[in-house]
Each structure stands twice: as C-alpha cells, then as structure tokens.
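Reading through the structure tokens given below for one structure.
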Amino acid sequence: MKRIAGMLVVVLALAGILWADSALSITGAGATFPYPMYSKWFDEYHKKNTNIEINYQSIGSGGGIKQVTEGTVDFGASDGPMNDDQLKAFQDKHGFGILHFPTVLGADVPAYNIPGITVELNFTQDAISGIFLGKITKWNDPAIAGPNKGVRLPADDIVVVHRSDGSGTTYIWTDYLSKISDEWKNKVGKGTSVNWPVGLGGKGNEGVAGTIKNTPDSFGYVELIYAIQNKMPYGLVKNSSGAFIKADLASVTAAAAGAAKNMPDDFRVSITDAPGKTAYPISSFTWLLVPAKFSEAAKRDALKGFVKWMLSDGQNYTEALSYAKLPKEVVAKELKALNNVQ
Amino acid sequence: MATTTTTVPSAGPVVGSRSFLSRLREGDEIARIITFLFAASVVLITVLLVFELWRGSALPRHKFGFNFFRTSVWDPIFDQFGALPFIYGTLVTAAVALILAVPLGIGAAIFLAELAPARVSDTLEFFIDLLAAVPSVIYGLLGVFIIVPLMRSYIQPALKGTLGFLPLFKGPAYGVGFLTAGIVLAIMVIPYIISVSREVLLSVPRDQREAALSLGATRWESTWKVVVPFARGGIFGSIFLALARALGETMAVTMVIGNTPTISASLFSPGYSIAAVIANEFTEATGDLYLQSLIELGLVLFILTFILNGLARLLIVATSQRGGGMGNT
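If you read the protein sequences in the order shown, they are chains A and B. In this text, residue positions in the first sequence follow the numbering used here: the first is 1, and each later residue adds one. In this text, residue positions in the second sequence follow the numbering used here: the first is 1, and each later residue adds one.
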C-alpha cells in the first residue's frame, strides 16, 4: 500500500512538473460539425509551432457560445452566428465585443429512399418547404413531379425524417426553409432544434441516414460531408437563379462567393439561398468566436497567428476532409478584421 | 442491492460495554464511522441532485408552473415548453418493456435456479452477466438495424392484421415508435431480472423445498408455491432495478423511438422520452429558458422514478402482509 502511494506521489509530481513546463495552452469549445477539420488544423499548427497547443472540445455550438461568454474558454465556435441578445450579453459581461471568423463551409443535402428510383431527383423550393410543412404528402404531387419529368414517382405517403438532436445541420436547413417559405418562418422558425410540423427524428447524421435507408418513401436532410463520405445518393436543389444544383465542394464555395459581395463587417451572414448561377442554396459558414480583447498578450498573438495560418495554408487541408474552402474575397476580408483583436 | 429491503441488526449495543477509546483503538469505531460516511454519501448525493435540479429549473417553474406537466408543445424557437408527451413516452415505453420482460425474465430465472442442472445454470449466468454489461448504444444499433426493419416488415403488419381493431395497433407502420422502444428496453432489462432473481431463488433455504416435497408437493408445486413466494421480495427488487433502467435509458431509446413528441394510443406511433430529449437537445440548447426547461425535465424524471419506486414498495408491503412469504433476501 505504502509503496503504491509513494509511486503515486512521484507520478503526480512529475506530471505537475511537465504540466508547468508545457507549451502555451489555448482552449476553445463549440461546434461539432467542423471538429474533424479543427482537430486536424490544431494538430498541424502544433507541429509547426511546438510551443503552442490548442485544445478544442466539441461540445456543440450552444455550449461554445455559453462557455466563451462565461470566459471559461479562450475562444468559441458555432455553426450559427450569435444573435443580438447573445452579443449584448457578451458585451455586458466583458465590456468589449466578440468577433466572428468564418473558417470553412458546410451544406445540407436532401436525401430520399423511394423503392425503384435510382435517379437523382430535382427539388424546387416549394417542394422542399411543402414536404417539411406537411402540405405535400405524396411523392407524385405535382410540385415534386413537375421538375422530374420521366420519373415514375409513386402515389405513396412521404415519410419525413429530420434530426432529433440539436445541431448546426438543422440550423442550416431551417434557415433555408425560413428564407424560401414565409409560412415556415412564421410558424416554425430557424434554430438548432425546432418544433417540427411533421416527421420522425433521427439522432445524428447517422440516425437520419439510417432511418432513410430503412424506411421506404422517406425524405430527409443530412450534412454534405456525411453524404459524400458514405456515398449516399442525394437530390439537386433549385437555387435562386433557377438552376438545379448538385451540392459539392465547388458549388458550396460558389454560394459563399455569391454572398461575399454583401458580406457585413461582422461576418454574421447567412448564405442559404445565396445569389449566383452555380451557388448551392443550402450552404453555411461555420464560425470561430474570438473575443475582441485578451488580457494575455501571448495568448492573443498565438490565436491570431493561428487564425492567419488557418486562412492561408490551413485552407489547403479542407478538401481532403470534404469541407468546402472559403472564397478568396472572404479570406481577404477576414485578415483585415483580425486586426480588431487586441 | 439497494432496492431490496433488509434489516441489519444494529451494531451499537453489542459493543456497548467497552469504552469509546478502546473501541477506537481496535478499529471498530473507525470502521463504523467510515462506513456510515459512505452510506450517508448516498443520501447527500441524492439531496444535492434534487437541489441542483430544483435550482437550475427556476425560470420554467415560474413561467409555466403546473402547465409544464399539462401542455404538449415543445418549441425552442417560440419558447413554449410542455413536458406531457415526454412523460407519456417514458411511461409507455417502460410499461411495454416490463410487460414483456417480467414474465420472460422470471421464467428464465426459475428455470436456471430450480430446474436446470448446475453446470447449465452457471454457464448461462455467465452469458447473462455479459449481456447486462453490453453498452446501451449497442442495443440501440441492434434495434435500428434488426428490430426496426423486422417491426416494419413483419411484426407490425401482423399485429395490424390480427389485433388491428384495438386502438393500440393502429396507424402507419414506421418501424420506430413506442412498441419498438419498449421491445429494445425489454431486451436490455431481461438480464437484470434474470440475474438478480436467480440469485434470490438460489438463496432460498433448502429445508423450504424439502418440507414442501415431503408434504407430497411435486417439483413444480414446491417451486411455484413455496420457493417463488419466499423469494418474492428479491424478485420485486429485480423488477425495480429493471424499471429504473427502463425509465432512465437514453441512447437505445432515442435511436428507435422516432423522437417526435406525440401522445397517441397507438403503440406504432413515434414518440419521445424524457431521457432521450435531454440527451438530444442539451448540447445545443441556447437560451436560459430552453436549457432550464431541459433541467426541469430531469427533475420530472427524478420525481417520476421516485413515485414509481414508492408505489412498487407499497405493493410489496401490501402483498407480503396478505401472503405468508417472508420476502427477504
């Protein structure tokens, strides 16, 4: 017993010494969607700058906003921009603001399972909002059949599938629905979880995908990366220019480029239903949330250094992980905004 | 097992004659204090838990009051929160699970303890303990990939065809829903019932059986009329444990229940349980009212478990007064 206790003390003491000796440690918390990208970035950045270590906990966007507001982490991350109330809460607590930095792009794709149909279907805005509002209930409804000439759609009931867990994926989907349908905007709204008019809930992308795969005549949405990595078939969506666009990394980046012209200075912008001929309409940024003032200069410089690297060299890592990269216009604007972090 | 009632004779009077110091030196008193602290920590943790849940749910308690339990709209965007569909889903799935698991589990336990050869019994017990240790997400996956398709293609159409006149078996067959969640829960809790009930049955004194047999009872009569009533308290204990697990199960339920807050008489309908909605929405809950409403749901689950456990205990007291069984383990 005594020997074990003694060994424990020695180990703890050693750990303490190593801890005290370790590199500058920056902590962040938030969104789960970009986590694979962020952990790759933090890892690569640490290899280049061995004295800087960035720890990121993917606890969800809501948790990220909460923790950075409470000051328990150095930066946050979120799939949806902070709203005005949240910005005010941060300002009131700290006496300075918080800045949004887009890092990569994500997108949602409509997935479906209709027995006997293997072609990629085209979906209009009215079809998607109608199905999710529960107004279009049959697959052969003219709103769906119209742009899919030559496809024999069955007269079966559509089983709607959505995410049951709060998620950035749902935020993008409901943000899109709010833009294309006033009824959705007034009745349901946008958020990480909403009061769904119809449908079954699946937990996580894998839950939704599994339910769609298992349920004939189902229709739902999954994150683009999940669909690509799992080779799921998905449909095309009509964008604001009237073209049916299939989601891929290029069409998502195009949506960001289309929105870049009217980008507000705080980057809190939704790029769903973005202008542009090749823009995929159900796309979104995901953001880092960085306080405008740091009390420790070393931490501030390290984090700014990372963001700078992430916007330049870091963007080269995105496509290997199936994330769409930022358009040049947005990168240039972000580099300028980085000077506001003091 | 915390759920069985056993009266331990107090240790105090036995050592009463010696002085406190000598008892301290011999270690008795130290052991007593330390074990008392361990036992007290259970109470302390429970009290702290309730206190935290109560404190953390102040906003919705003031805003919605009793309506929280009566309304069924759950809308984080427009800040409307009602717990009724979640309470309903939790109770229905737990009830389905127990209705299926209790006869199966107790039957299996009787076979293993009374009828099977010792070697078979011990081997099977090993597998049962293994089943009890399987993480719930595995049961969830089993549900999603095997039970849900089975339910949709075979079981639900069959039930509709034979018992479809009952309101319990109406509506479209999605595969997911109350019934599927109840079945997955039943599979999860059966090992608990078997394992605990078997131990209890095995600990019934030998002379009880011998007395019954010597009076001319058959093997089954001695098992069913003497051994099982004798072990009743412990068997109820195993059912409580199963009930507690069924009420609080999160991962496996959320994967097969359909996650739709509905109240429907049909077991085919998709539903939602308290534990599932907390697990699903807690991480992304922004806004204090939303977060605190989820915490209040936790409080509701706690109260629900408390009430059900209390009722079950009353049931034991009532039955053991009427019957002759000494319901002790």
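The C-beta atom is built at its ideal place from N, Cα and C for all residues, glycine as well.
Which of helix, strand or coil DSSP assigns to residue i
i	result
residue 47/A	helix
residue 53/A	strand
residue 108/A	strand
residue 342/A	coil
residue 329/A	helix
residue 75/B	strand
residue 6/B	Because residue 6/B sits at a pLDDT of 47, beneath the cut-off of 50, its placement in the model cannot be relied upon, and the point is left open.
residue 264/B	coil
residue 287/A	strand
residue 169/B	helix
residue 153/A	coil
residue 13/B	Note on residue 13/B: pLDDT 48, under 50, position unreliable in the model; the coordinate value appears next. Residue 13/B: helix per DSSP, three-state reduction.
residue 229/B	helix
residue 242/B	helix
residue 113/A	strand
residue 93/A	helix
Distance CB(residue i)-CB(residue j) smaller than 8 Å
i	j	result
residue 325/A	residue 334/A	no
residue 297/A	residue 98/A	no
residue 239/B	residue 98/B	yes
residue 33/A	residue 307/A	no
residue 225/B	residue 217/B	yes
residue 271/B	residue 89/B	yes
residue 173/A	residue 129/A	no
residue 143/B	residue 255/B	yes
residue 208/A	residue 199/A	no
residue 285/B	residue 204/A	no
residue 80/A	residue 192/A	yes
residue 155/A	residue 138/A	yes
residue 276/A	residue 250/A	no
residue 159/A	residue 217/A	yes
residue 227/B	residue 204/B	yes
residue 26/A	residue 302/A	yes
residue 74/A	residue 231/A	no
residue 305/A	residue 41/A	no
residue 70/B	residue 84/B	yes
residue 30/B	residue 24/B	yes
Which listed residue (the options) has its alpha carbon closest to that of residue i
i	options	result
residue 100/B	33/B, 179/B, 34/B and 44/B	179/B
residue 50/A	274/A, 23/A and 338/A	23/A
residue 187/B	161/B, 146/B and 170/B	146/B
residue 267/B	66/B, 190/B and 181/B	181/B
residue 124/A	176/A, 213/A and 39/A	176/A
residue 77/A	147/A, 261/A and 168/A	168/A
residue 60/A	35/A, 112/A and 30/A	30/A
residue 258/A	243/A, 281/A, 323/A and 244/A	281/A
residue 239/A	283/A, 264/A, 262/A and 228/A	283/A
residue 190/B	152/B, 229/B, 139/B and 81/B	139/B
residue 261/A	331/A, 211/A, 222/A and 246/A	331/A
residue 115/B	309/B, 201/B and 269/B	201/B
Start and end residues, beta strand (DSSP E) containing residue i
i	result
residue 222/A	218-223
residue 163/A	159-163
residue 238/A	236-238
residue 27/A	24-30
residue 78/A	75-78
Assumed close pair residue i, residue j - CB separation to whole angstroms, cut-off 8 Å
i	j	result
residue 341/A	residue 269/A	Not confirmed; about 19 Å, so no contact.
residue 131/A	residue 219/A	6 Å
residue 110/A	residue 237/A	7 Å
residue 153/A	residue 140/A	4 Å
residue 185/B	residue 279/B	Not really, about 15 Å apart at Cβ, beyond 8 Å.
residue 56/B	residue 295/B	4 Å
residue 34/B	residue 300/B	Not quite, the Cβ-Cβ distance comes to about 36 Å (not below 8 Å), so this is no contact.
residue 195/A	residue 75/B	4 Å
residue 106/A	residue 286/A	6 Å
residue 156/B	residue 173/B	4 Å
residue 257/B	residue 275/B	So it is not a contact: roughly 10 Å between Cβ atoms.
residue 355/A	residue 126/A	For residue 355/A there is no data in the structure shown, the boundaries of chain A being 1 and 342.
Residue i: first and last residue of the uninterrupted alpha helix (DSSP H) it sits in
i	result
residue 268/A	Segment: none, residue 268/A is in no alpha helix (DSSP H) and carries neither H nor E.
residue 121/B	118-132
residue 306/A	297-311
residue 136/B	136-142
residue 209/A	204-214
residue 120/A	From DSSP, residue 120/A is part of no alpha helix (DSSP H); its letter is neither H nor E.
residue 278/A	Where residue 278/A is concerned, there is no enclosing alpha helix (DSSP H), given that its DSSP letter is neither H nor E.
residue 176/A	168-180
residue 20/B	20-26
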